[in-house]
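Participant: Below is a structure I'd like to ask you about.
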Amino acid sequence: WYSYRRRSSIEMATGDGKITAVVFGASGSVGQAVCRALANLKPYGHIISINRSRKLDWMESLSIKATQVVLSREDFQDLKKIRQVTAKVCKDHGATHAFSSLGIGTKTGSITKEQHRAVDVETNRAFALGCSDSKLVT
49 WYSYRRRSSI
59 EMATGDGKIT
69 AVVFGASGSV
79 GQAVCRALAN
89 LKPYGHIISI
99 NRSRKLDWME
109 SLSIKATQVV
119 LSREDFQDLK
129 KIRQVTAKVC
139 KDHGATHAFS
149 SLGIGTKTGS
159 ITKEQHRAVD
169 VETNRAFALG
179 CSDSKLVT
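So the number in my numbering is just where the residue sits in the sequence shown, counting from 1, plus 48.
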């Protein structure tokens with residue numbers, strides 16, 4: 049997974065001095081592990097996940113505030129939309145830390161190299177650019 053972190057002293061957005069993190073790719077096993085680990089770390093007070101087409105029931109059981117932003121399948125294929133939504137989510141919630149575990153996964157036998165790159169590289173790039181656009185996560 050990838051981590052994008054702001055290097056300034058701004059470490060809070062929840063109003064209680066806790067860090068807010070945005071997670072991209074939370075529906076997979078690695079993303080779920082990242083969210084659970086962040087929830088157990090004292091500096092974090094809020095996790096926002098950006099999901100494709102559905103809410104994740106297990107996020108309701110996290111020990112800290114969890115917000116889910118659900119994109120339609122169509123919007124999730126639009127790199128500009130991912131970038132815009134990510135920037136807006138970071139700004140609206142004051143997210144200063146970002147993590148991505150988005151990837152194709154293990155069942156990749158039927159996809160082309162171009163399809164694999166579209167998800168593993170280009171979609172993650174759109175997320176990273178959105179984080180950067182927010183001016184909170186760099």
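For each residue, glycine too, the CB sits at the ideal point set by N, CA and C.
What residues in its chain sit with their C-beta under 8 Å from that of E122, if we drop five residues either side in the sequence?
Facilitator: For the purposes of this step, residue 122 is taken as the residue at position 74 of the sequence shown. Excluding sequence neighbours, E122 sits near nothing in its chain.
Participant: Less than 7 Å between C-beta atoms, sequence neighbours within five positions excluded: which residues of the same chain meet that for I95?
Facilitator: Within the sequence shown, residue 95 is the residue found at index 47, counting from 1. The residues are A69, V71, C83, L86, A87, L110, I112, A114.
Participant: Tell me, to the nearest whole angstrom, how far the beta carbon of V118 is from that of R102; I am working on the premise that it is less than 8 Å.
Facilitator: Counting from one through the sequence shown, the residue named residue 118 turns up at place 70. Counting from one through the sequence shown, the residue named residue 102 turns up at place 54. With a Cβ gap of about 6 Å, V118 and R102 count as contacting.
Participant: Output the boundary residues of the alpha helix (DSSP H) element that contains V78.
Facilitator: Taking the sequence shown and counting its residues from 1, the one referred to as residue 78 is at position 30. V78 -> alpha helix (DSSP H) spans 77-87.
Participant: Indicate the three-state DSSP secondary structure (helix, strand or coil) for A174 in the structure shown.
Facilitator: One-based indexing of the sequence shown puts residue 174 at position 126. In this structure, A174 counts as helix in the three-state DSSP scheme.
Participant: Could you give the residue range of the beta strand (DSSP E) that holds T160?
Facilitator: In the sequence shown, counting from the first residue as 1, residue 160 sits at position 112. First-last for T160: undefined, no H or E at that position.
Participant: Would you mind sorting V169 into buried or exposed? The rule is 16 or more other CB atoms within 10 Å of its CB.
Facilitator: Taking the sequence shown and counting its residues from 1, the one referred to as residue 169 is at position 121. V169 should be labelled exposed.
Participant: Can you tell which of Q125, C138, D181 has its C-alpha closest to the C-alpha of V167?
Facilitator: Position 119 of the sequence shown, counted from the start, is the residue given in the question as residue 167. For the residues Q125, C138, D181, the minimum Cα distance to V167 belongs to Q125.
Participant: Going by other Cβ atoms of all chains shown within 10 Å of its Cβ, with 16 needed for buried, is H141 buried or exposed?
Facilitator: To locate residue 141, count along the sequence shown from 1; it is residue 93. The residue in question, H141, is buried, as its Cβ has 16 or more Cβ neighbours within 10 Å.
Participant: DSSP state of K183, grouped into three classes?
Facilitator: As a working note, residue 183 is residue 135 in the sequence shown. Note: K183 maps to coil in three-state DSSP.
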